[in-house]
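The structure appears below as C-alpha cells.
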Ligand code: A2R
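In my numbering, the protein residues as written are 38 to 361.
Okay, here's the thing in C-alpha cells:
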C-alpha cells in the first residue's frame, strides 16, 4: 500500500521519478494547474516533492489542508514559504551538503573562466580567428594577487574558500554573523567587504533578506578591476545595477550561473563578451543530482516510515511526525 498521496511539482530528477512511485501515489501539477487544483485531491495530499518550478506559497498551501511535509529538491528553498509552513506545522526539507563540493568546483571554474576570459578565448579559436587574426589578446585580469570576498560563507562558501586558498587567494567574507572558527577576514557590511576585495563570490541564499543586496553601491565599492561571480541565487544581485556597472566600467566583468528570472537572461548580458553566462549548472552532474534526489526520497521515507525527516530546514526544525 502507498505510504501517502504526494504532489510532484514539475518534472523531477530521474532517480526521484523512479523511486517515488514505489512508495507513494503520485499526482503531478505544473505552475498553471495550482488555481484549478481539485479540492478533493487537495484533501488527500500529505506531501510535496519539488524544485523551484512551482512556488509553494500561501495559495498552494491553502489548497492542501492535510499537508505534512515539503521535500525540496535543492539546498536553496526560496521558492517555498518556509516561514508559513512553520506556522502551519508543515515540515520543509532541503538537500544540503551533498552538492557543496560540486557547486564549489563549478564556482572555481566559473571564476577562472571569467578572470582569464576562457570562454571568449575558445570562441576566438572556434571562429578561426587564431589563424586569421592571430593570438587571443592578453587578458586584463589575472587570478594572481586577487583577493576573494565571499558573500555567504556557509557550506558551499567554505568549500569554495578551501579551493581558493589552494590558488593562493587572500579570503574575506561577509554574513550576518562573524564565524570564530575560520581564519578568513570578516566584514560586518557587504560594502565593507566589496571595498576590501576585487573578486566577489556570491553564494548566499535567495529570499527577502538577500534580495538585491549586491546593489550599485556595492558594485561601485568593488571598483574598476572588480569581478562578480554568482552561484547562489540571481535575486541576490540587483540585475539592472549589474548590467549598468558592466556597461559603464564600474566593474570589469562577471561570471553568472544564476539569474533573477530564470531561464530568462537579460539581452544586455548576452550581448556582452566580457561576461561568462552559465544556465544554472552549479550542481548539474548525474552524480550530484542523484545524491540530491536520494535525499529527497530519504526525507519522505524518513517522515512517513519513521516519523523523522533527515534534513529539515531551520524554519521548521521538527524532529518527529505527529502520529495519528
Ligand atoms: O548570515 P549568516 O552568518 O547566517 O551566513 C549565511 C549567509 N547568509 C547571509 N549573508 C548575508 N546576508 C543575509 N541576509 C544572509 N542570509 C544568509 O549565507 C551562511 O553563511 C550562508 C548560507 O550558507 P548555508 O546555509 O550553509 O547554505 P549553503 O549550503 O552554503 O547554500 C547556499 C546557497 C543556497 O541557499 C542556494 O541558494 C545556493 O547556495 O545553491
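We treat Cβ as the ideally placed atom computed from N, Cα and C, and that holds for glycine.
- Within a 10 Å sphere around the beta-carbon of residue 183 sit 16 or more other beta-carbons, which makes this residue buried.
- By the Cβ criterion, the segment 299-310 is not in contact with the segment 326-340, since fewer than three pairs of Cβ atoms, one from each stretch, lie closer than 8 Å.
- Relative to the ligand A2R, residue 53 has its C-beta separated by 8 Å or more from all heavy atoms.
- In this structure residue 130 is in contact with residue 350, their Cβ atoms being roughly 7 Å apart against a cut-off of 8 Å.
- With at least 16 other beta carbons inside 10 angstroms of its own, residue 147 counts as buried.
- Of all C-beta pairs linking the segment 75-88 to the segment 108-116, three or more are shorter than 8 Å, placing the two stretches in contact.
- Straight through space, the alpha carbons of residue 145 and residue 343 are spaced by roughly 39 Å.
- The segment 88-168 is shown to contain whole alpha helix (DSSP H) runs of 4 or more residues at 95-99, 119-125, 137-152, 155-163, in chain order.
- Residue 353 is a Cβ neighbour of residue 127, given a cutoff of 9 Å.
- Just so you know, the alpha carbons of residue 268 and residue 315 end up roughly 10 Å apart.
- Runs of alpha helix (DSSP H) with 4 or more residues, each lying fully within the segment 157-225, are found at 166-169, 192-203, listed in chain order.
- For the set 340, 242, 279, 324, the Cα lying nearest the Cα of residue 50 is the one of 324.
- For residue 46, the uninterrupted beta strand (DSSP E) run begins and ends at 42-46, by DSSP.
- Exposed is the label assigned to residue 225, since fewer than 16 other Cβ atoms lie within 10 Å of its Cβ.
- Checking the 8 Å criterion, the Cβ of residue 241 is within range of a heavy atom belonging to the ligand A2R.
- Distances taken from the Cβ of residue 133 to the heavy atoms of the ligand A2R include one shorter than 8 Å.
- For residue 189, the distance from the CB to the nearest heavy atom of the ligand A2R is below 8 Å.
- Residue 179 is not a Cβ neighbour of residue 213, given a cutoff of 9 Å.
- Boundaries of the beta strand (DSSP E) harbouring residue 312: 312-314, taken from the DSSP string.
- For the alpha helix (DSSP H) assignment, the uninterrupted runs of no fewer than 4 residues enclosed by the segment 230-299 are, from N- to C-terminal side, 253-259, 276-284.
- For the pair residue 250 and residue 59, the Cα-to-Cα distance works out to about 43 Å.
- Here residue 143 is not near residue 291, since their CB atoms are 9 Å or more apart.
- For residue 58, the three-state secondary structure derived from DSSP is helix.
- For residue 64 and residue 117, the gap between their C-alpha atoms comes out near 19 Å.
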